[in-house]
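Numbered as in the numbering used here, the sequence shown ends at 186 without a single skipped number.
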Amino acid sequence: MMNELMQGFLLGLGVAIAGIFFILRLVADVGMTNCGADAISRLLAWIFVMPFIGAGFYLIYLGLVVV
């Protein structure tokens with residue numbers, strides 16, 4: 120039971136950090152005027168954020184199936 124609770128806590132923490140990072144990247148994108156830099160920064164944001172979101176949903180799936 121405690122293991123699943125710890126997984127859920129770490130999952131929530133990871134998704135929250137990823138969400139904050141993604142919001143900060145979007146705010147930085149709005150401030151940019153160069154289209155090339157805008158596209159590159161958006162691509163980097165997705166590259167950094169998607170593994171966290173994917174791992175989060177995977178842990179939610181495991182938690183629902185195991186528990």
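Where is the CB? At the ideal position from N, CA and C, for every residue including glycine. Bear in mind the structure is a predicted one, so any value in this text is a computation, not a measurement.
Proximal residues to residue i (C-beta, below 7 Å), its chain only, five neighbours per side dropped
i, result
"Val168", "Ala137, Phe140, Phe141"
Straight-line gap, residue i to residue j (C-alpha atoms, nearest Å)
i, j, result
"Ala135", "Arg144", "14 Å"
"Tyr180", "Gly173", "11 Å"
"Phe171", "Gly133", "6 Å"
"Leu183", "Ser160", "35 Å"
"Glu123", "Ile166", "27 Å"
Selection from the options that minimises the alpha carbon distance to residue i
i, options, result
"Leu178", "Trp165, Leu130, Ala164", "Leu130"
Residues near residue i in its chain [Cβ-Cβ closer than 8 Å; skip 5 each side]
i, result
"Gln126", "Leu178, Leu181, Gly182"
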